[in-house]
Amino acid sequence: MSEQTRYDKVVDLALRRGLFYPSSELHGAIAGFYDYGSVGSRIKNNWENCWRGFFLRRLGEPFVEIQPAEVAPEKVFEASGHLTQFVDPITECGKCGAVERADHLLESHLKEGFEGLSAKGLGALIKKHKVKCHKCGGDLKEVSVLNMMLSTRIGTGKLSKPAYMRPETTQGVVVNFKREYLINRERLPLGIAVIGRAFRNEIAPRQTLFRMREFTQAEIQVFCDPSELAKHARFSEVATSKIPVVLAKERKKGIQMVSAKALAKEYGEVYAYYMARISEFYASPGLRVRFFEKNEEERAFYNKYQFDIEYEFEDGGWREIAGFHYRTDHDLAGHARVSGQDLSVNRNGKRVIPHIVELSFGVDRNLLALLDAGYREEKKKDEMRVWLSLPPAVAPFTAGVYPLVNKDRLPEKTEEVLQLLRNAGLDVFLDDGGSIGRRYARADEIGVPFGITIDYDTFKDDSVTVRERDSTKQERVKIKVLAEHLKNKLNK
Ligand SMILES: [Zn+2]
């Protein structure tokens, strides 16, 4: 049997247990689209709520959340620059007609990254290294560019107008900035968040949730007065935090732990402050990430500073799961120009176009990272025990509740316990099929932290057996303190 990578195993598990699966599979799935199943939807919703809890509530800033439309007229993307600049370099095989991304082709040929290089530069490299079509070995045509937005039309017939599925959630925030600024008492910095879908007509969707054509972003655009980027009111709270960075100018040194204070000297306190907070966000589920700085050639066209936040997959190397960007006034200035409207604001008698500092998270990629980090297996005799060691806050349920048998008043007692836990606000489910061992195994595979078994002793001591997912340790707990007991364990 061929050796499966951990990534393959995670994907297998996801399909088997309803975390996610190919979209429209019944009619022949299209690459780059995945549906979240009953278990995956819970994990995704929980992750999004953790994100909201941390960035929108715990940080305690003037951060608000909006839900802009997913389709926008062409003007929006003319203003943002996506119409002309959101392009991928492609090359077509002159023999078989296969189209591939020129940078990916070079990457697999030369085992180096080429993202961000111009079409011209890529074309020259393809010639120099005599790269041929990967499918048939034929000669490749000149490298050209293809817009990655998914286009559509609104309305019918001659009166219909071109429109696009948003390629990022950002623009829905930028076009509403002025309105939200007024509604939120004209404060800066003002953070406007969106959790929602974005669409890209990827030429090479790959690695399941990793590069999809429809995906979910969780972003905050923080609008700042550009003259106030050097100071942040709460910087002292994070000044000594150490942040794992790979700096563009010192890439050879690899990951360095640099204090927020030192980073602030280079990038300003506002920028360093959010780096520290993002770092904190990842520390709580124990996800090890690094901030990888992109140099001028590699940065997206709208960014002045760009750090990719990367997680090291067990066997796939460091890959981007989030990003932290300084977009300057690129967006507001573009929209002001194209709309003819004044998008500046009054700051102490001066007209100022706010600058955007952007915290951008790929929700699907973050879930993959959590699954990768949490995947465990252990061989016991002939059986392989597989479990997901997910942080309780994102686990699909807190506990499974299992009657030992479906008779002798055990189902009634089980129902009582379920109600008690639900009333205490815990997310629990009933599983009364198969042996207790099988039920534990099923719950372990989807990352449920606790299993609760109701047996005949329950009638004698008014207690249940609580089994912990990671250690498989079991203990008897009185029903009357059960909810409290679980909550205490969750908060540890
Ligand atoms: Zn070919």
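The sequence shown begins at 4 in the numbering used here and counts up one residue at a time.
For each residue, glycine too, the CB sits at the ideal point set by N, CA and C.
All values derive from a computational prediction rather than experimental measurement.
Along the alpha helix (DSSP H) that carries residue i, what are the first and last residues, could you check?
i    : result
D106 : 105 to 113
M387 : Careful: M387 lies outside any alpha helix (DSSP H), inside the beta strand (DSSP E) at 386 to 391.
G43  : 41 to 54
E77  : 77 to 83
K490 : 485 to 494
E272 : 272 to 286
L16  : 9 to 20
V178 : Unbroken run through V178: none, as it is neither H nor E.
What residue range does the beta strand (DSSP E) around residue i cover?
i    : result
D434 : Careful: D434 lies outside any beta strand (DSSP E) and carries neither H nor E.
Q477 : 477 to 481
N150 : 147 to 150
E299 : Segment: none, E299 is in no beta strand (DSSP E) and carries neither H nor E.
F453 : 453 to 457
V404 : 402 to 406
F57  : No beta strand (DSSP E) contains F57, which DSSP labels as neither H nor E.
T461 : From DSSP, T461 is part of no beta strand (DSSP E) but of the alpha helix (DSSP H) over 460 to 464.
According to DSSP, what are the bridge partners of residue i?
i    : result
V241 : Its beta-bridge partners do not exist; DSSP assigns none.
M260 : P247
L423 : Paired residues: none, contrary to the question.
L143 : C96
D91  : L149
V469 : I455, E478
E381 : R388
R156 : P165
P25  : Y37
R293 : E313
E68  : A196
V74  : M168
V397 : Note: V397 sits in no beta bridge, so no partner.
Taking any heavy atom of ligand 1 as the mark, which residues have a C-beta closer than 5 Å to it, listed down the chain? Near ligand 1, meaning a beta-carbon closer than 5 Å to one of its heavy atoms, we find C96, K98, C99, A101, C136, K138, C139, G141.
Please specify which runs of the beta strand (DSSP E), each continuous and at least 3 residues long, are wholly inside the segment 110 to 140, giving them in chain order. Counting only unbroken stretches of 3 or more residues, no beta strand (DSSP E) element lies wholly within the segment 110 to 140.
In chain order, each alpha helix (DSSP H) run of at least 4 residues that lies wholly inside the segment 304 to 379: For the segment 304 to 379, whole alpha helix (DSSP H) runs of length 4 or above, ordered along the chain, are 333 to 342, 366 to 377.
Entirely enclosed beta strand (DSSP E) segments - the segment 185 to 235, minimum 3 residues: 193 to 202, 217 to 227, all fully within the segment 185 to 235.
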